[in-house]
Amino acid sequence: MPSNPVVSSITIYPVKSLDGTVLQKAMVTKGGCLQHDREYAIIDENGNFVNGKSNTMVHTLRSNVDFENEIISFRPMQESIWRQFHLEKEKVKLEEYLSDYFGKKVFFEQDKTGRFMDIPDIAGVTILSSSTLKEVSTWFPNMSLEETRRRFRATLEIDGVDAFWEDHLFSHEGSGIEFTVGDVTIIGMSPRARCVVPTRDSETGEVTHAFPKSFARHRASTLPSWSVLEEYGHHYYLTVNCYIPATEIGKWIHMGDEIRIVGEKVFY
């Protein structure tokens, strides 16, 4: 299809590794990320993140954050009642609740400068296309489009392009692709290598058998001829790590914003 890339979805994840929140628009903040994205994290006594890589129980904990009223809500999948806490006034109770849920002492920490991102500074947002998600959802039995979306947890989703069009947004190692989303300048840095998280059902934690191997095989067989992904050594990649320069802080990204590629930037 002719390419006419536009932003079709904006999703932030207020608590690292927990549920996402879909927005109509989002502001770029310090750290080159979107406001409230990964603003909070659950951390254990050793200072490590309690996340999907280390603890499957995050998959069965539903969450929602009301930033206007400073309220966070939780509901384990096996329960029907939501528990609510004020983010500031009830932090002690909140941490007690989470410690009880995870079966160990944990802390609920806040950082507004992007330090809780998987790759701070370099990958403040990730991007992929709706067509890509639709294609990937066909690779595994009983994996819906929405489930595929939840597993790969992109910040920006784009429409109006073919599957894997986003591979245009990264280049050879040591360079990046500058592009604009509306009036926001972004640099695509690299494809994102995937971890264990996408191998699991996003709500139950159940593992999809041989997921990385099957994914890599399909990714290789559907790889666009112009993509440079093979230079990165394997095919277990999806979404693009994107850097937002400090000059863009305070600007907004909106649903429907057009995406325009400016060109390659060589760093070394």
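Quick note on the UniProt record's numbering: the sequence shown kicks off at 1 and runs consecutively.
We put the beta carbon where it would ideally sit given N, CA and C, even for glycine.
Inter-residue spacing [alpha-carbon to alpha-carbon] between residue i and residue j
{"i": "cysteine 242", "j": "serine 3", "result": "20 Å"}
{"i": "arginine 194", "j": "threonine 239", "result": "9 Å"}
{"i": "glutamate 68", "j": "glutamate 173", "result": "41 Å"}
{"i": "lysine 134", "j": "glycine 47", "result": "37 Å"}
{"i": "threonine 148", "j": "valine 197", "result": "12 Å"}
{"i": "phenylalanine 95", "j": "phenylalanine 179", "result": "Here residue 95 is glutamate; the residue named in the question, phenylalanine, does not match the sequence. Computed Cα separation, rounded: 41 Å."}
{"i": "phenylalanine 152", "j": "threonine 132", "result": "11 Å"}
{"i": "lysine 89", "j": "lysine 105", "result": "19 Å"}
{"i": "serine 190", "j": "serine 171", "result": "7 Å"}
{"i": "leucine 229", "j": "glutamate 166", "result": "11 Å"}
{"i": "lysine 265", "j": "threonine 185", "result": "13 Å"}
{"i": "phenylalanine 102", "j": "serine 9", "result": "31 Å"}
{"i": "alanine 163", "j": "valine 92", "result": "46 Å"}
{"i": "glutamate 79", "j": "proline 14", "result": "22 Å"}
{"i": "lysine 213", "j": "glutamate 146", "result": "22 Å"}
{"i": "serine 73", "j": "arginine 83", "result": "5 Å"}
{"i": "arginine 75", "j": "serine 144", "result": "23 Å"}
{"i": "glutamate 70", "j": "threonine 29", "result": "19 Å"}
In DSSP terms, what residue i is bridged to
{"i": "leucine 34", "result": "Val28"}
{"i": "glutamine 84", "result": "Ser73"}
{"i": "glycine 176", "result": "Lys265"}
{"i": "leucine 238", "result": "In the DSSP output, where bridge partners are listed per residue, leucine 238 has none listed."}
{"i": "valine 196", "result": "Per DSSP, none; premise fails for valine 196."}
{"i": "phenylalanine 107", "result": "Ile43"}
{"i": "leucine 169", "result": "Looking at the DSSP assignment, leucine 169 forms no beta bridge with any residue, so it has no partner."}
{"i": "threonine 185", "result": "Thr180"}
First and last residue of the uninterrupted beta strand (DSSP E) at residue i
{"i": "histidine 218", "result": "Premise fails: histidine 218 lies in the alpha helix (DSSP H), 211 to 221, not in any beta strand (DSSP E)."}
{"i": "arginine 62", "result": "61 to 66"}
{"i": "serine 9", "result": "6 to 12"}
Assigned secondary structure, residue i (DSSP; H/G/I helix, E/B strand, else coil)
{"i": "lysine 89", "result": "coil"}
{"i": "valine 207", "result": "strand"}
{"i": "proline 191", "result": "strand"}
{"i": "tyrosine 97", "result": "helix"}
{"i": "leucine 18", "result": "coil"}
{"i": "threonine 113", "result": "coil"}
{"i": "valine 58", "result": "helix"}
{"i": "isoleucine 40", "result": "Note that residue 40 corresponds to tyrosine in the displayed sequence, not to isoleucine. Tyrosine 40: strand per DSSP, three-state reduction."}
{"i": "glutamate 231", "result": "helix"}
{"i": "phenylalanine 102", "result": "helix"}
{"i": "glutamate 258", "result": "strand"}
{"i": "tryptophan 252", "result": "strand"}
Extent of the continuous alpha helix (DSSP H) to which residue i belongs
{"i": "serine 137", "result": "130 to 137"}
{"i": "glutamate 157", "result": "Where glutamate 157 is concerned, there is no enclosing alpha helix (DSSP H), although the beta strand (DSSP E) it sits in stretches over 156 to 159."}
{"i": "arginine 150", "result": "145 to 152"}
Burial state of residue i, where buried means 16 or more other Cβ atoms lie within 10 Å
{"i": "glutamate 248", "result": "buried"}
{"i": "aspartate 37", "result": "buried"}
{"i": "threonine 204", "result": "exposed"}
{"i": "proline 141", "result": "exposed"}
{"i": "alanine 123", "result": "buried"}
{"i": "arginine 219", "result": "buried"}
{"i": "isoleucine 81", "result": "exposed"}
{"i": "histidine 168", "result": "buried"}
{"i": "serine 63", "result": "buried"}
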